[in-house]
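Participant:
Residue numbers (full-length UniProt numbering): 1 to 223.
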């Protein structure tokens, strides 16, 4: 019985020893691996393992590579300020110098240029020369405007023409040429049937002459 017991213990003891040997061998192998790795670093000159640079440093561009923003990027560029002269209202000519001319001669020159005229006479004196104009000489003008002729002396005498039987338009033109101002109490169509003042009446430049066109004046319209 004693031998059997001893053999049984001896068998269990051998199995436990085998397990301890296996565990110890595994620890020894792991230790040798660590020592080998350390020895490799030593043999390699005690080099340190590479360190990965920070993500920020790797992704950040250098200051010199940063594009310089343009001050006008994203904004509309203002148009350059330019000064443009206003369109000229003229027809390519200016008021002529009429000062010192006889007013009838000055009037004809304005008519040839396609300009109107208005005669303004003084209160006294016999001078018929132009003393000033409005607009003044040299002023750019366009065709059709009226130029005022200021005459130095009073309006000279003027004889009223005979207009009976003329068309209203013909009578108007004759009165203007002779220096009178026409007036149309009955309208401006037809022929002249009456006038006031009558023909050959001596008046003055700029006097008003009334003409009745198309019908004789009624009692209410007669001068």
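In this text, a Cβ means the ideal position worked out from N, Cα and C, and glycines have one as well.
Using 9 Å as the threshold, is the C-beta distance between residue 137 and residue 192 below it?
Facilitator: By 1-based counting over the chain shown, the position of residue 137 is 137. By 1-based counting over the chain shown, the position of residue 192 is 192. No, the pair does not count as a contact, with Cβ atoms beyond the cut-off.
Participant: Pull the bridge partners of residue 194 from the DSSP assignment, please.
Facilitator: Within the chain shown, numbered from 1, the residue matching residue 194 stands at position 194. Residue 194 is bridged to 212.
Participant: With a floor of 4 residues, list each alpha helix (DSSP H) that falls wholly inside the segment 118-183, ordered by position along the chain.
Facilitator: List check, alpha helix (DSSP H) in window: 168-178.
Participant: In the DSSP assignment, what are the bridge partners of residue 102?
Facilitator: Here the question's residue 102 lines up with position 102 in the chain shown. According to DSSP, residue 102 bridges with 129.
Participant: If you drop the 5 nearest sequence neighbours on each side, which residues of the same chain put their C-beta closer than 8 Å to that of residue 229?
Facilitator: Because the chain in this structure spans residues 1 to 223, residue 229 falls outside the shown range and cannot be described.
Participant: Mapping DSSP to helix, strand and coil, what is residue 111?
Facilitator: For this step, residue 111 is matched to residue 111 along the chain shown. Residue 111: helix per DSSP, three-state reduction.
Participant: Give the range of the beta strand (DSSP E) segment to which residue 204 is assigned.
Facilitator: One-based indexing of the chain shown puts residue 204 at position 204. Residues 202-204.
Participant: Taking only the alpha-carbon atoms, compute the straight-line gap between residue 175 and residue 182 and give it to the nearest angstrom.
Facilitator: Your numbering for residue 175 matches position 175 in the chain shown. Your numbering for residue 182 matches position 182 in the chain shown. One C-alpha to the other measures close to 6 Å.
Participant: So, helix, strand or coil for residue 187, using DSSP?
Facilitator: Translated into positions along the chain shown, residue 187 becomes position 187. Three-state DSSP puts residue 187 in coil, outside helix and strand.
Participant: Cα-Cα, which of 187, 155, 170 and 189 is closest to residue 179?
Facilitator: As a working mapping, residue 179 is identified with position 179 in the chain shown. Checking every option, the nearest Cα to that of residue 179 belongs to 155.
Participant: Please determine, among 188, 147, 129 and 194, the residue with the shortest C-alpha to C-alpha distance to residue 169.
Facilitator: Position 169 of the chain shown holds residue 169. Among 188, 147, 129 and 194, the Cα nearest to that of residue 169 is on 188.
Participant: Using the rule of at least 16 other Cβ atoms within 10 Å of the residue's Cβ for burial, across every protein chain shown, is residue 124 buried or exposed?
Facilitator: Within the chain shown, numbered from 1, the residue matching residue 124 stands at position 124. Exposed, since its Cβ has fewer than 16 Cβ neighbours within 10 Å.
Participant: How close, in whole Å, do the beta carbons of residue 196 and residue 210 come, if the pair is a contact with beta carbons under 8 Å?
Facilitator: Mapped onto the chain shown, residue 196 falls at position 196. Mapped onto the chain shown, residue 210 falls at position 210. Confirmed, Cβ separation roughly 5 Å.
Participant: Tell me which residues share the same chain as residue 118 and place their Cβ nearer than 8 Å to its Cβ, disregarding the 5 neighbours each side in the sequence.
Facilitator: Translated into positions along the chain shown, residue 118 becomes position 118. If we look at residue 118 and ignore the five residues flanking it on each side, its Cβ neighbours are 146, 147, 148 and 149.
Participant: Any idea if residue 215 is buried or exposed, counting beta-carbon neighbours within 10 angstroms, 16 or more meaning buried?
Facilitator: Along the chain shown, one-based indexing puts residue 215 at 215. Flag for residue 215 reads exposed.
Participant: Using alpha carbons as the reference points, say which of 144, 208 and 152 lies closest to residue 127.
Facilitator: Residue mapping note: residue 127 aligns to position 127 of the chain shown, counting from 1. Closest option to residue 127, Cα to Cα, is 152.
Participant: From residue 113 to residue 103, what does the alpha carbon distance come to, in whole angstroms?
Facilitator: One-based indexing of the chain shown puts residue 113 at position 113. One-based indexing of the chain shown puts residue 103 at position 103. Distance between the alpha carbons of residue 113 and residue 103 is about 16 Å.
Participant: To the nearest angstrom, report how far apart residue 184 and residue 166 are at their CA atoms.
Facilitator: Position 184 of the chain shown, counted from the first residue, corresponds to residue 184. Position 166 of the chain shown, counted from the first residue, corresponds to residue 166. Going from the Cα of residue 184 to the Cα of residue 166 covers about 14 Å.
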